[in-house]
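To keep things clear, I will list the structure first and then write my remarks on it.
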Amino acid sequence: LGPTITFGEILVEIMATLPGHGFTEALDLRGPFPSGAPAIFISQCARLGGQAGIVGCVGDDDFGRLNTDRLRADGADVSAVAISPDLPTGTAFVRYRPDGGRDFVFNIAKSAAGQIAMTPEARALVARAGHLHVMGSAFAIPHLWAVLAKAIPAVKSRGGSVSLDPNLRKELMTPETSARLAQVVAQCDLLLPSGPELQLAAGLPDATEAEAVAALLQKVPEIVLKRGDQGATLFTREGRLDQAAFAVTEIDPTGAGDCFGAAYLTARRLGLAEPLRLAAAAGARNVTVLGPMEGAGTLQDLNQFIAARI
Ligand code: ADP
């Protein structure tokens, strides 16, 4: 089968314990928690028993060790996580606003996360991979895109598959990121958009959901649209399948989409029953726990979560 792999930022997240606005005053903070969308994704794949690995870069510091130790403990392959000799592990500080929005302070661009490269270890992981999951945030990072643009055809040419979480904001799109998005959509086997990313991926910003889905199904055989606390819908050329969200109390929404996507993909790759329901359970369970990947469950955790709710 070959492992599921992804490329991208491995970070720590530190969060304010109380809602408010910004970081211009001294706050009570919680963390560091291991974070970074690609790391959350790989953690959830590995916890479900799927072979999974990540290409990334951390600093030679405790934040880097916190994250790589965690991924290793989850069972992920961290052989392609490089250690930068001079730059620190990337950090994200987050504070929830009273309305549920979030304020961030990022230190990522000038951190080790910006040093991801096709090292010999990364090349070896790509050569073993059965599936490559692409995070759309990579489209805006030129050297990361350069590495991915080589990895995608390498995985596909050996019969591997590709998925894409567009993970993009309309306001931040440029002609270049749009072209990269279109290029990956044309090569992907599974698309996992949320909200308006569906229209962005279709290249039809003003289309209805049905129009965007119809256009995308010409290129991508399997689309799972994530709808937050409204659940999710699977679209294929044969039809659609709706999945309601599990009712939970949301503590920390970060990571829901990554856990959802990882569970769906891993269930599909391992042939587990009801991939869409398992994915909805993974997303819902993760929002009930503070910390971006602290709520990522094992198969047993997710089955128990489902059994308690049906
Ligand atoms: P993204 O983080 O990519 O925008 P979503 O927020 O849509 O993704 O979350 C992914 C999936 O996780 C949803 O489709 C849903 O199944 C589940 N989920 C997310 N938030 C909640 C919530 N508050 N309650 C229940 N399920 C949720």
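According to the working numbering, the sequence shown is numbered sequentially starting from 2.
From the three backbone atoms N, C-alpha and C, an ideal C-beta is built for every residue, glycine too.
Computed from a predicted structure; not experimentally measured.
query                                                                                                     : result
Nearest to Leu242 (by Cα), restricted to the options Pro276, Asp259 and Ala263                            : Pro276
Pair within 8 Å by beta-carbon distance, Ala53 and Thr5                                                   : yes
Delimiting residues of the beta strand (DSSP E) encompassing Ala93                                        : Gly91 to Tyr97
Buried versus exposed call for Ser158 [16 or more other C-beta atoms within 10 Å across all chains shown] : exposed
Segment limits, beta strand (DSSP E) that includes Glu14                                                  : Leu12 to Ala17
Any non-hydrogen atom of ligand 1 within 7 Å of Asp243 CB                                                 : no
For Gly51, the three-state DSSP class (helix, strand or coil)                                             : coil
Rounded separation between Pro176 and Val185 - CA only                                                    : 15 Å
Rounded separation between Ala283 and Ala264 - CA only                                                    : 6 Å
Delimiting residues of the beta strand (DSSP E) encompassing Lys227                                       : Glu223 to Lys227
Cβ-heavy atom distance, Ala118 to ligand 1, below 7 Å                                                     : no
Contact belief for Phe8 with Pro39 at Cβ below 8 Å, rounded distance in angstroms                         : 7 Å
Cβ-Cβ separation, Ala213 to Leu199 (assumed contact under 8 Å), whole Å                                   : 5 Å
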